[in-house]
Amino acid sequence: MATATYHPSVFSFPPGGAFPSDGVYTPTLEDQRDTEEVIADLLREISPAKVASEPATHDGTTALRKNETAQFMGQHLFQCPPSYTALDASKPWLMFWILHSLDLLGIALDDATKKRAVTTLLSFKLPSGGFAGGAANTQIAHLLPTYAAVIALAISGNATEGFGWEQLAASRQNIYDFFMRMKRPEGGFSVCDGGETDVRGTYCLLVVATVLDILTPELLHNIDKHLVGCQTYEGGFASDMWTFGGATNGPSASFAEAHGGYTSCALLAHFLLTSIQPPSEPLPSLAPGFPAAIDVDSAVRWSALMQGNSYELGGFRGRSNKLVDGCYSWWVGGGFPVLEELVRKGNESKSEGESDAKVTVLDGDDGDWVDVAGSQGLFNRVALQEYVLLAGQNEAGKGGGLRDKPGKRPDLYHTANDLSGLSIAQHHVKHSPVLVEKNRGLFDASKGFPPVKPTKPEGGWKSEAERQRARREVFANALGWTEEKGELIVVGGDASRVNTTTPVFNALGLRMRLFINYFYQQQA
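Residue numbers for the sequence shown follow our numbering, so the first one is 4 and each next one is one higher.
#1: Taking the straight line between their C-alpha atoms, what separation do you get for Pro17 and Arg184?
#2: To test your reading of the DSSP string, which unbroken alpha helix (DSSP H) runs of 4 or more residues are found completely within the stretch 435-499?
#3: Looking only at its own chain, which residues have a Cβ that is under 8 Å from the Cβ of His10, when we skip the five neighbours before and after it?
#4: Report the option in Thr503, Thr266, Glu467 whose CA atom is closest to the CA atom of Trp484.
#5: Helix, strand or coil for Trp372 per DSSP?
#6: Locate the beta strand (DSSP E) running through Phe258, then write down its first and last residues.
#7: Given a cut-off of 8 Å, decide if Gln176 and Lys456 are closer than it, judged by their beta-carbon atoms.
#8: Starting from Thr246, follow the beta strand (DSSP E) in both directions and report where the run begins and ends.
#9: If you follow the alpha helix (DSSP H) that Asn324 is in, where does it begin and where does it stop?
#10: Should Ala212 go down as buried or exposed, given a rule of 16 or more other Cβ atoms within 10 Å for buried?
#11: Can you give me the start and stop residues for the alpha helix (DSSP H) that Asn520 sits inside?
#12: Can you tell which of Ala473, Ser193, Glu39, Gln35 has the C-alpha that lies nearest to the C-alpha of Pro281?
#13: I believe Ile158 touches Ala510 by the beta-carbon criterion, under 8 Å. Please report the beta-carbon distance rounded to the nearest angstrom.
#14: In three-state terms, what does DSSP make of Ala139?
#15: Whole angstroms are fine: how far does the CA of Glu487 sit from the CA of Arg516?
#16: Give the straight-line distance between the Cα atoms of Tyr521 and Gly26, rounded to the nearest whole angstrom.
#17: Runs of 4 residues minimum, wholly inside the stretch 54-122: which ones carry the alpha helix (DSSP H) assignment?
#18: On a CA-only basis, which of Tyr265, Thr235, Ala162, Ala43 is nearest Gly321? Give me that one, please.
#19: Count the other C-beta atoms from every protein chain shown that fall within 10 angstroms of the C-beta of Pro453, then say buried if there are 16 or more, exposed otherwise.
#20: Mind pulling the alpha helix (DSSP H) runs of 4 or more residues that sit fully within the stretch 150-196?
#21: DSSP beta-bridge partners for Phe134?
#22: Below 8 Å between beta carbons: does that hold for Ile101 and Leu124?
#23: According to DSSP, is Val335 helix, strand or coil?
#24: Along the chain, where does the alpha helix (DSSP H) that runs through Cys268 open and close?
#25: Can you have a look at Ala296 and say buried or exposed, based on whether 16 or more other CB atoms are within 10 angstroms of its CB?
#26: Thinking C-alpha only, which one of Met76, Lys186, Trp333, Gln82 is nearest Gly197?
#27: Count the other C-beta atoms from every protein chain shown that fall within 10 angstroms of the C-beta of Ile519, then say buried if there are 16 or more, exposed otherwise.
#28: For Ala144, name the three-state secondary structure that DSSP assigns.
#29: Which residues does DSSP list as the beta-bridge partners of Thr504?
#30: Measuring only the C-alpha atoms, how far is Glu189 from Leu147?
#31: Would you call Leu286 buried or exposed, if buried means 16 or more other Cβ atoms sit within 10 Å of its Cβ?
#32: Taking 8 Å as the threshold (C-beta atoms), are Arg443 and Arg470 in contact?
#33: Going along the chain, which residues of its own chain have a beta-carbon closer than 7 Å to the beta-carbon of Phe192, five neighbours each way excluded?
#34: Specify, as a first and last residue, the run of the alpha helix (DSSP H) that Arg384 falls within.
#35: Between which two residues does the alpha helix (DSSP H) holding Lys228 run?
#36: What is the DSSP secondary structure of Leu286, counted as helix, strand or coil?
Next comes the structure, spelled out in structure tokens:
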């Protein structure tokens, strides 16, 4: 009942009209019309998708073809075709997309293959800090491949000698120094020496700094304000903010329109910032009111409105009035667990002590009220799965993999992000205050790697006690994600089920737990 009420199939939607043109015809509108026609053909040819334990349709079109997709990813594991030459500076990303996709599919790699992956990833690490997009002797360090390399090491490596984690731990100070070289006064970060500043770099940096236990006040300075400045009037986030007159604390405006990828990075980065302050007493080394508040309600509204209608098969678009694309299954869909938690925290602070249940009027005349359980989710989980399985999945027998939309070729990027979005839609993962409190209790302040040295004496924590309070809070929140029991929704039956990815980090929970425990030297 909950599935049908809150997550209806696109096959149950009333027929939708074409996307409005407003009398203005553009190449984008023509592409939109073409997309609508292709999806309409799919809806006419395919039987309604089955949900939960029901079997897939006889031709398998509503099930995830795991073997084909695993073969597609496996073919690229040791060598990519010539078409990937353009991604020569994105090799850590290629490895992350493959390793994470295989993890989601439940495909285990042997130790020899993992060791080869670790060796390759470490070859991208620069002595001066950070990871390059390719061989360290040919390319410069960059924030984005640094994230991809670190999370790929979390997946493929371990604490055993030669499997990457020891080498990464020995590089914590160099990575921190690289991060500080990229820091800009207004709070943003250049993605590389001489590179652009945008929230992708901020997100990638904060994930790595969080999991490697290298957060400091000087690194965090003004990040929150920069993120706030990137939020647009629509509610989503732009790539950067523009400061008028060049003043660090002067008037500013978001730089360009809201975008799904930037919104995801900004929301996830903001969540990481909210995970630093202990609830009982603020950390004196951080600015009063840290982190500055974003407009959560408008971010929820914008994100929800990015989900397409029946003639777009429930997929997500990345910008207003643009086309749906399978990659936004993660870049927009993956932000909803964080939005749910930000909404919960906001409601808690507004009405402390009140019931968390929603109160709905059944009959305004006689005043009958009923308590209704909390949110069933902020997006249509069934519809998103239908988009991934029906529109995002390559046709049966054509080599596997997932893609942007029908008519596009499958690739590693879309396969990883489509599968990540599919995981978010199947598994209702929430940030649990109970689990966070349990993690706080398990934290041992006597254990950990040596603290990184700030670039200036005043850039560090004011005391060791304060640093440990920050470490405990970050650790407890990073491992605070849990799957809600009884809320699994799988379109296409058990054949379509994928493993559970962790919000914010986008890796399996078992990988992140071992990895974070190692770098904090804990045993939660």
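Ideal Cβ placement from N, Cα and C applies to all residues, glycine included.
Reading it off the structure:
#1: Taking the CA atoms as reference points, Pro17 sits about 54 Å from Arg184.
#2: Runs found: 436-445, 467-481.
#3: Result list for His10: Gln379, Gly380, Asn383, Arg384, Val385, Ala386, Ile492, in chain order.
#4: Measuring from the Cα of Trp484, the nearest candidate turns out to be Thr503.
#5: A caution first: Trp372 carries a pLDDT of 35, below 50, which makes its placement in the model too unreliable to give a value.
#6: Segment 255-258, the beta strand (DSSP E) holding Phe258.
#7: Taking C-beta atoms as the reference points, Lys456 and Gln176 count as a pair closer than 8 Å.
#8: If you look at Thr246, you'll find it in the beta strand (DSSP E) that goes 243-246.
#9: Per DSSP, Asn324 lies in no alpha helix (DSSP H) segment and is marked neither H nor E.
#10: Label assigned to Ala212: buried.
#11: Bounds of the alpha helix (DSSP H) holding Asn520 are 512-523.
#12: Answer by Cα proximity: Ala473.
#13: In this structure, Ile158 and Ala510 form a Cβ contact; the two beta carbons are roughly 6 Å apart against a cut-off of 8 Å.
#14: Coil.
#15: Approximately 18 Å between the Cα atoms of the pair.
#16: Rounded to the nearest angstrom, the two C-alpha atoms are 59 Å apart.
#17: For the stretch 54-122, whole alpha helix (DSSP H) runs of length 4 or above, ordered along the chain, are 69-80, 94-108.
#18: The residue with the shortest Cα to Cα distance from Gly321 is Tyr265.
#19: Answer is exposed; the Cβ neighbour count stays below 16.
#20: Listed in chain order, they are 168-173, 175-185.
#21: Residue pairing by DSSP puts Phe134 in a beta bridge opposite Lys128.
#22: No, the Cβ-Cβ distance between Ile101 and Leu124 is not below 8 Å.
#23: Coil at Val335, not helix or strand.
#24: Run containing Cys268: 263-277, per the alpha helix (DSSP H) assignment.
#25: In the assembly as shown, Ala296 is an exposed residue. Its beta-carbon has fewer than 16 other beta-carbons within 10 Å.
#26: By alpha-carbon distance to Gly197, the top candidate from Met76, Lys186, Trp333, Gln82 is Lys186.
#27: With a 10 Å radius around the Cβ and a threshold of 16 neighbouring Cβ atoms, Ile519 comes out buried.
#28: Strand at Ala144.
#29: Answer is Leu511.
#30: If I take the Cα positions, the gap works out to 20 Å.
#31: Buried: at least 16 other Cβ atoms inside 10 Å.
#32: Their beta carbons are not under 8 Å apart, which means Arg470 does not touch Arg443 by this criterion.
#33: Counting only Cβ-Cβ distances below 7 Å, and skipping sequence neighbours, we find Leu146, Met185, Lys186, Thr200, Gly204, Thr205, Leu208.
#34: 384-389 is the extent of the alpha helix (DSSP H) around Arg384.
#35: Taken as a continuous stretch (DSSP letters only), the alpha helix (DSSP H) holding Lys228 covers 226-233.
#36: The answer is coil: DSSP assigns Leu286 none of H, G, I, E or B.
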